[in-house]
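Working notes, beginning with the structure itself.
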Amino acid sequence: MTSDDFNKNIPIIYLVCDIDYYNYLQCFLYFANKNIDDKQFHIHFINTPSEKIDSIIRTYPCIKNTTCEYTQLNKKNNRTALPPFSPLRHSNRMFVNSEKKKFGKLYSEKEAYCANVRFLKIPGILEQYSNDIIYIDVDNIINRDIHILYKHMVEYDLLAAPCLPNDPRLSTTIIGIKNNKKTRSVFRKMSNEIHENILDWGTDHIVYNRLINTNDIKIHILPDDFIDEEYRADSYIWINHLTMYGLSDKYQDVLNEVHLHTDTML
Amino acid sequence: MDQENTHKLNEVTMHHCELLYRGELTPEQCAIAHITPSGRLFFNKNIRNITNLPWDQFVRLEKEINFPTQDISSVLIHWNRECEKLNQGFREGWRFNFNLYLNQRTSDMKYITYDMNYCRAHWLQLIRLYRNSALRQLDIEFTMALEQSDSEAVEEIGLIKNLLRELPKNIDMLQYDTYESLVTFWPTILLPAPDFVAPKPIAPPRSDDV
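From first to last, the protein sequence lines stand for chains A and B. Residue numbers for the first sequence, in this note's numbering: -15 to 250. Residue numbers for the second sequence, in this note's numbering: 24 to 233.
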């Protein structure tokens, strides 16, 4: 596959997925395929066997390009998150069922790496293609056509959603990036800084928020109801925070709906 | 108590006596605050059925009845306005605000303030209580992990327990120098915070363009 396979008139939806998230990727693509009319994907895989990658490409022809890296990552939960994140994973507002969460858990190097690596790859993708990019976490669900983002990208350098309603911090769960000189330079800087602490949970969020606010980037803040954790019918993207809080009851319901043999995913 | 502070207390008492005399305050809204040498405050709010004595004399008499042989100063204050919104959990840390000058008083200046040394120690003690409860919870999880021979969980829980044990000494309480900053602080490892922790103020919404 080459960059010629991409339609230059619409953004590329960029995803990152490691082998443990493969089933969530299937769920993501199922809904993205169903709910977005014009779409094309570039997926960066981590430690995923090539037969699995081939299989998903066959199922979803809208995947126009993939890359894959094979890296040894420690899966032991023995690391704390960087402040201001809680050192442990737990939430008082999610509907957590799968973890049967009691007190909370530490993070592993693997989880931190898989979260941070998205920013390492963005500069390369911006340089490889002339398209704008929309990054979305694969544990999210596309509930409505996100075509509205394509229009905003004409006017703005960056589309971002607040972490919580009225929160000045920007979420890294969805990022729309216009492909221009300014964004290429900022995301290159971001990538270099994140690379230094690639195994710390929270690095991506901290560096992204700092650099976005200290550079001359024209940002469009998506409305509070664009993404939500409550799975409202009118929101565009349902988010789940799978790594941080585990599988939510509502996300589990969605998985059941698409019959993805959810018992094998935990 | 030194002369200047005694004078301030008298001034405040006289000020409130005048308000009572003019009918701008009622006895139900007032309280007499007795100040011990260590600064602690004891309140007498039950001053409705007052004698015919002038107010300032009543305050003196009240002090003589309750603390006849001790060096206890007293002051009449507007209880409703001064104390109702104070945090009852820090009641032992309430202090009379001797930095206040009646003639320069603005509407946001309070007669009663918090002794931050007391409040910090008290808050840290609360954190310890919650930390201990978390450790007890983890002990149960630790035992369960041992029973299941889950060595990874045992290791992880051990690490978390260490973090919790080290928690009090890793907190720099001195950085919380105001009541507001103190009561919004709660260690992230103990989140979710209990209800008595004040929510952090939300920053104003961003404009679309930065």
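No residue lacks a Cβ here, since even glycine has one placed at the ideal position from N, Cα and C.
Smallest Cα separation from L104(A): which of D116(A), I182(A), R63(A)? Residue 104(A) sits at position 120 when you count from the first residue of the first sequence. Here the closest residue by C-alpha is I182(A).
Give the residues of chain B in contact with K89(A), contact being defined as C-beta atoms less than 7 angstroms apart. The sequence position of residue 89(A) within the first sequence is 105, counting from 1. Result: E179.
At a Cβ cut of 8 angstroms, what residues of the segment 55 to 67 of chain A count as close to chain B, listed as they run along the chain? K60, N61, N62, T64, P67
Where DSSP assigns a beta bridge to V0(A), which residues make up the other side? Counted from its first residue, the first sequence places residue 0(A) at position 16. Paired residues: H28(A).
Apart from the five residues just before and just after L125(B), which ones in its own chain have a Cβ nearer than 7 angstroms to its Cβ? As a working mapping, residue 125(B) is identified with position 102 in the second sequence. Within the same chain, L125(B) has close Cβ partners E34, V35, H38.
Could you tell me which chain B residues have their CB closer than 7 angstroms to the CB of L72(A), listed as they occur along the chain? As a first step, residue 72(A) is located in the first sequence; it is residue number 88 there, counting from the start. Those are I183, I212, listed as they occur along chain B.
Three-way DSSP call (helix, strand, coil) for K86(B) in this model: Within the second sequence, numbered from 1, the residue matching residue 86(B) stands at position 63. Helix, per DSSP.
So, with DSSP's three-state summary, where would you put E93(A)? Taking the first sequence and counting its residues from 1, one reaches residue 93(A) at position 109. Of the three classes helix, strand and coil, the one that applies to E93(A) here is helix, per DSSP.
L99(B) touches chain A at which residues, Cβ-Cβ below 8 angstroms? As a position in the second sequence, residue 99(B) is number 76, starting the count at 1. Neighbours of L99(B) on chain A: none; closest Cβ ~43 angstroms, over 8 angstroms.
Cutoff 9 angstroms: L152(B) Cβ touching any chain A Cβ: Residue 152(B) sits at position 129 when you count from the first residue of the second sequence. Judged by the 9 angstroms Cβ criterion, L152(B) is not in contact with chain A.
Whole-Å CB distance - I47(A) paired with F25(A), under 8 angstroms assumed: Taking the first residue of the first sequence as position 1, residue 47(A) is located at position 63. Taking the first residue of the first sequence as position 1, residue 25(A) is located at position 41. With 8 angstroms as the limit, I47(A) and F25(A) qualify as a contact, their Cβ atoms being about 5 angstroms apart.
What distance in whole Å lies between the Cβ atoms of R154(B) and Y199(B), which are believed to be in contact at a cut-off of 8 angstroms? Taking the first residue of the second sequence as 1, we reach residue 199(B) at position 176. Taking the first residue of the second sequence as 1, we reach residue 154(B) at position 131. In fact, because the Cβ distance is near 17 angstroms, the residues do not count as touching under 8 angstroms.
According to DSSP, is W222(A) part of a helix, a strand, or is it coil? One-based indexing of the first sequence puts residue 222(A) at position 238. The answer is strand: DSSP assigns W222(A) an E or B state.
W117(B), DSSP secondary structure in three states: Indexing the second sequence from 1 puts residue 117(B) at position 94. In the structure shown, W117(B) sits in a strand (DSSP, three-state: E or B).
Does any C-beta atom of chain A lie closer than 9 angstroms to the C-beta of E164(B)? Here residue 164(B) is taken as the residue at index 141 of the second sequence, counted from 1. So yes, E164(B) belongs to the interface.
Nearest to I223(A) (by Cα), restricted to the options D212(A), G160(A), Q236(A): For the purposes of this step, residue 223(A) is taken as residue 239 along the first sequence, with counting starting at 1. Looking at the Cα atoms, D212(A) is the closest of the given residues.
Would the segment 44 to 62 of chain A and the segment 90 to 103 of chain A be scored as touching if the rule is three or more Cβ pairs under 8 angstroms? yes
Could you check what DSSP says for T212(A) in three-state terms: helix, strand or coil? Translated into positions along the first sequence, residue 212(A) becomes position 228. Looking at the sequence provided, one finds Asp at residue 212(A) rather than Thr. It is a strand residue.
Is the distance from the Cβ of I196(A) to the Cβ of N100(A) below 9 angstroms? Along the first sequence, read from residue 1 onward, the residue named residue 196(A) stands at position 212. Along the first sequence, read from residue 1 onward, the residue named residue 100(A) stands at position 116. Contact flag unset, no.
Which word fits L84(B), buried or exposed, when buried means at least 16 other C-beta atoms lie within 10 angstroms of its C-beta? Taking the first residue of the second sequence as position 1, residue 84(B) is located at position 61. With fewer than 16 other Cβ atoms within 10 Å, it is exposed.
Are the beta-carbon atoms belonging to F12(A) and I190(A) less than 9 angstroms from one another? The count along the first sequence starts at 1 and reaches residue 12(A) at position 28. The count along the first sequence starts at 1 and reaches residue 190(A) at position 206. No, the Cβ-Cβ distance between F12(A) and I190(A) is not below 9 angstroms.
Chain A within 9 angstroms of P215(B), Cβ atoms only: Start at 1 with the first residue of the second sequence, and residue 215(B) comes out as number 192. So yes, P215(B) belongs to the interface.
Taking C-alpha atoms, which residue in L142(A), D141(A), T156(A) lies nearest to L148(A)? Within the first sequence, residue 148(A) is the residue found at index 164, counting from 1. Residue T156(A) is the option with its Cα nearest to L148(A).
At a Cβ threshold of 9 angstroms, is F29(A) touching chain B? Taking the first residue of the first sequence as position 1, residue 29(A) is located at position 45. With 9 angstroms as the cut-off, F29(A) does not count as an interface residue toward chain B.
Any C-beta of chain B under 9 angstroms from that of F69(A): Residue mapping note: residue 69(A) aligns to position 85 of the first sequence, counting from 1. The beta carbon of F69(A) falls within 9 angstroms of a beta carbon belonging to chain B, placing the residue at that interface.
DSSP state of H38(B), grouped into three classes? The residue you call residue 38(B) lines up with position 15 of the second sequence. Note: H38(B) maps to helix in three-state DSSP.
Leaving aside the five residues before and after I106(A) along the sequence, list all residues of the same chain whose C-beta is less than 6 angstroms from its C-beta, in chain order. As a position in the first sequence, residue 106(A) is number 122, starting the count at 1. Closer than 6 angstroms at Cβ, skipping near neighbours: F171.
What are the boundary residues of the beta strand (DSSP E) that includes E170(B)? As a working note, residue 170(B) is residue 147 in the second sequence. Note, E170(B): premise wrong, no beta strand (DSSP E); alpha helix (DSSP H) at 139 to 170.
Limits of the beta strand (DSSP E) - the one that I47(A) falls within: Taking the first sequence and counting its residues from 1, the one referred to as residue 47(A) is at position 63. Its beta strand (DSSP E) spans residues 47 to 53.
Going by other Cβ atoms of all chains shown within 10 Å of its Cβ, with 16 needed for buried, is P217(B) buried or exposed? Counted from its first residue, the second sequence places residue 217(B) at position 194. Answer is exposed; the Cβ neighbour count stays below 16.
If we call anything under 9 angstroms between Cβ atoms a contact, is E95(A) one with T227(A)? Translated into the one-based positions of the first sequence, residue 95(A) becomes position 111. Translated into the one-based positions of the first sequence, residue 227(A) becomes position 243. Yes, they are a contact pair.
Just confirm the distance between the C-beta atoms of Y134(B) and L123(B), as a whole number of angstroms; I'd bet it's less than 8 angstroms. As a first step, residue 134(B) must be located in the second sequence, where it is residue number 111. As a first step, residue 123(B) must be located in the second sequence, where it is residue number 100. Sure, about 7 angstroms apart at Cβ, within 8 angstroms.
Judging by CA-CA distance, which residue of F15(A), G108(A), Q10(A), T32(A) is the nearest neighbour of T55(A)? Position 71 of the first sequence, counting from 1, holds the residue named residue 55(A). If we check each option's Cα against that of T55(A), T32(A) comes out closest.
So, helix, strand or coil for R63(A), using DSSP? As a working mapping, residue 63(A) is identified with position 79 in the first sequence. Three-state DSSP puts R63(A) in a strand.
So for T246(A), helix, strand or coil by DSSP? Stepping through the first sequence from its first residue, residue 246(A) is reached at position 262. Interpretation of T246(A) is limited by its pLDDT of 48, a score under 50 that renders its predicted location unreliable; the figure taken from the coordinates is listed afterwards. It is helical.
Take S70(A) as the anchor and find which of I203(A), W185(A), N17(A) has the nearest alpha-carbon. Here residue 70(A) corresponds to residue number 86 of the first sequence, with the count starting at 1. Closest by alpha carbon: W185(A).
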